[in-house]
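Before any comments, here is the structure.
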Amino acid sequence: NLLLAAMMKQQGIEAYPVLLSTRDHGYTNELYPLINRFNYVVCAVKIEGIYYYLDATSPLIGFNYLPGYCYNGHARIIMPETSNATYFGADSLKEKS
Numbered sequence: 323n324l325l326l327a328a329m330m331k332q333q334g335i336e337a338y339p340v341l342l343s344t345r346d347h348g349y350t351n352e353l354y355p356l357i358n359r360f361n362y363v364v365c366a367v368k369i370e371g372i373y374y375y376l377d378a379t380s381p382l383i384g385f386n387y388l389p390g391y392c393y394n395g396h397a398r399i400i401m402p403e404t405s406n407a408t409y410f411g412a413d414s415l416k417e418k419s
């Protein structure tokens, strides 16, 4: 997923790695994010002001969907000067109609 973010940037697409903790690894604290509490990386792509999340390790999952084990709450979008919090809650898994 780091390679995916790098390839997107090379093509002029705004992309960032996103650190998260899988369900098996436990929760992270949004106010006190410790690096050892994160164990997985996905890619965030920003297109026309909207973030889309991609996981290159799961080829059968559609665009802007992540594997179920990624939906575990707080995650961090890593940018050059800062990081932004985002949330992947279990409610995000509901089908959109």
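Start counting the sequence shown at 323; every next residue gets the next number (the working numbering).
Note that CB positions come from ideal geometry on N, CA and C, so glycine has one too.
{"Asked": "Helix, strand or coil at G390 according to DSSP, with G and I counted as helix", "Found": "helix"}
{"Asked": "Same chain only: Cβ atoms within 8 Å of N351, ignoring 5 sequence neighbours per side", "Found": "R359 and H396"}
{"Asked": "Span of the beta strand (DSSP E) around L341", "Found": "E336 to L342"}
{"Asked": "First and last residue of the uninterrupted beta strand (DSSP E) at L376", "Found": "I372 to L376"}
{"Asked": "Sequence-distant residues of the same chain with beta carbon closer than 6 Å to N406, five excluded per side", "Found": "I399"}
{"Asked": "Beta carbon of Y338 nearer than 8 Å to that of A366", "Found": "yes"}
{"Asked": "Host alpha helix (DSSP H) of A328 (start-end)", "Found": "L324 to Q332"}
{"Asked": "Host beta strand (DSSP E) of G395 (start-end)", "Found": "G395 to I400"}
{"Asked": "F410, enclosing beta strand (DSSP E) - first and last residue", "Found": "S405 to F410"}
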